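K.L.:
What the sequence shown shows, in mature numbering (1 follows the signal peptide of the UniProt record, and there is no 0), is residues -20 to -1, 1 to 203, in sequence order.
C-beta: ideal position from N, C-alpha, C; glycine also.
Computed from a predicted model, the values in this text were never measured in an experiment.
Can you read through this structure? Questions will come right after.
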Amino acid sequence: MQIKPSLLTLLLILPIFCTSEWTIDLEYSLNGFTNSYPLGSIEMRRGFDGNFTGTFKPSQEQNFGQKLSSAQDETYSVRAKSSTQNGQTFLTTSDPCLFLHSNLFHVFWLSISQEKQQLHTITVFPDTVAWRNDEEGGKYESLGATCKDRSSLASEARGTPKGVVHVVGEATLPTPDTASFVQKMEREKRAKQHGADADNRSFIAKYVDELQKLRDTRTATGE
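See the structure below:
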């Protein structure tokens, strides 16, 4: 059988876009990495426009949610290692209960160097699109509560981790504390309920604004 030149070209090019150019391995801990477990990996691919996109490939750990549920008030830490940066690690932390409430959905926010194919920063926070309703039918209103006060989440803490990846090119961005940022948003929501002016931007839009403020502060101080 004779293969047409156009088909042959497609067959030669296709593997380039099906294979990741570099990977970021992820592991997590709930006790300061005394014990750690694989969370999955992020596969980085360059698109037709030259920009990188990331795809989260989760581990197949079925009791991931149960581990978060049993962590009580511990810190959920995620450590990242890029295949292009031997010996270098990146750390981000948050409240495990936030991820129980988002049905184990994560948003991985990456700042990278497109040219060098290197990771600058990684921040992980819960995907509020997947935010589950509480027993009273409304959005969860007590982000400052302890895990022990949220025991109702344990019954739904099943399955493997899930996530989406957002990639920001070039600039090295500082990383605000995610849990504190979420609690700040909660305070704004309560103020709105008492008649304060509302900020109707999305979670991610507010988070990006917070990153920009930190970067401007570092620039002003000459860091």
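For D29, does the count of other Cβ atoms within 10 angstroms reach 16, so buried, or fall short, so exposed?
P.N.:
Indexing the sequence shown from 1 puts residue 29 at position 49. That one is exposed.
K.L.:
Buried or exposed, going by whether 16 or more other CB atoms sit within 10 Å of the CB of A60?
P.N.:
Mapped onto the sequence shown, residue 60 falls at position 80. That one is buried.
K.L.:
Pick from L84, V148, G149: whose alpha carbon is nearest that of S39?
P.N.:
Taking the first residue of the sequence shown as position 1, residue 39 is located at position 59. When each option's Cα is compared against that of S39, the closest is L84.
K.L.:
Give me the Cβ distance between S74 and V104, rounded to the nearest whole Å; I'm assuming they're in contact under 8 Å.
P.N.:
Here residue 74 is taken as the residue at index 94 of the sequence shown, counted from 1. Here residue 104 is taken as the residue at index 124 of the sequence shown, counted from 1. Yes, they are in contact, since the Cβ atoms of S74 and V104 sit about 6 Å apart, within 8 Å.
K.L.:
Would a C-beta distance cut-off of 8 Å place F36 and M24 closer than the cut-off?
P.N.:
Counting from 1 along the sequence shown, the entry for residue 36 is found at position 56. Counting from 1 along the sequence shown, the entry for residue 24 is found at position 44. Not a contact, by the Cβ cut-off of 8 Å.
K.L.:
For P18, name the three-state secondary structure that DSSP assigns.
P.N.:
In the sequence shown, residue 18 corresponds to position 38, counting from 1. It is a strand residue.
K.L.:
Using a Cβ-Cβ cutoff of less than 7 Å, which residues in the same chain neighbour residue 206 once the five nearest sequence positions on both sides are dropped?
P.N.:
A query on residue 206 cannot be resolved here, the shown segment of the chain reaching from -20 to 203 and no further.
K.L.:
What residues match up with S39 in a beta bridge as DSSP calls it?
P.N.:
Stepping through the sequence shown from its first residue, residue 39 is reached at position 59. DSSP output for S39 lists no bridge partner at all.
K.L.:
The beta strand (DSSP E) spanning F70 covers which residue range?
P.N.:
Walking along the sequence shown from the start, residue 70 turns up at place 90. Here the beta strand (DSSP E) through F70 covers 70 to 74.
K.L.:
Would G45 be called buried (16 or more neighbouring beta carbons within 10 Å of its own) or exposed?
P.N.:
The residue labelled residue 45 in the question sits at position 65 within the sequence shown. Flag for G45 reads buried.
K.L.:
Any idea what DSSP makes of Q94, helix, strand or coil?
P.N.:
Taking the sequence shown and counting its residues from 1, one reaches residue 94 at position 114. Three-state result, Q94: coil.
K.L.:
Using only CA atoms, which one of I92, R167, R138 lies nearest to I22?
P.N.:
As a working note, residue 22 is residue 42 in the sequence shown. Closest by alpha carbon: I92.
K.L.:
In this structure, how does DSSP classify L(-11) when only helix, strand and coil are distinguished?
P.N.:
Within the sequence shown, the letter at position 10 stands for residue -11. The pLDDT assigned to L(-11) is 48, lower than 50, so where the model puts this residue is not dependable, and the model offers no usable value.
K.L.:
With H, G and I counted as helix, E and B as strand and the rest as coil, what does DSSP make of L84?
P.N.:
Within the sequence shown, residue 84 is the residue found at index 104, counting from 1. It is coil, neither helix nor strand.
K.L.:
Given a threshold of 16 other Cβ atoms within 10 Å of its Cβ, counted over all protein chains shown, does D107 qualify as buried or as exposed?
P.N.:
Walking along the sequence shown from the start, residue 107 turns up at place 127. By the neighbour-count rule (16 or more Cβ atoms within 10 Å), D107 is buried.
K.L.:
In terms of alpha-carbon separation, which member of H146, K142, W2 lies closest to I102?
P.N.:
Position 122 of the sequence shown, counting from 1, holds the residue named residue 102. Ranking H146, K142, W2 by Cα distance to I102 puts H146 first.
K.L.:
CA-CA distance, V148 and T64?
P.N.:
In the sequence shown, counting from the first residue as 1, residue 148 sits at position 168. In the sequence shown, counting from the first residue as 1, residue 64 sits at position 84. Answer to the nearest angstrom: the Cα atoms are 17 Å apart.
K.L.:
Between the C-alpha atoms of P76 and W89, what's the straight-line distance to the nearest angstrom?
P.N.:
In the sequence shown, the residue the question calls residue 76 occupies position 96. In the sequence shown, the residue the question calls residue 89 occupies position 109. Taking the straight line joining both Cα atoms gives about 17 Å.
K.L.:
Which residues in the same chain have their Cβ closer than 7 Å to the Cβ of Q97, if we skip the five residues on either side of it in sequence?
P.N.:
Position 117 of the sequence shown, counted from the start, is the residue given in the question as residue 97. These residues qualify, in order along the chain: E1, W2, T64.
K.L.:
Out of curiosity, what's the CA-to-CA distance linking T14 and G67?
P.N.:
The residue you call residue 14 lines up with position 34 of the sequence shown. The residue you call residue 67 lines up with position 87 of the sequence shown. Rounded to the nearest angstrom, the two C-alpha atoms are 19 Å apart.
K.L.:
If the criterion is Cβ atoms closer than 8 Å, does the pair residue 215 and F79 meet it?
P.N.:
Only positions -20 to 203 of the chain appear in this structure, which leaves residue 215 out of reach.
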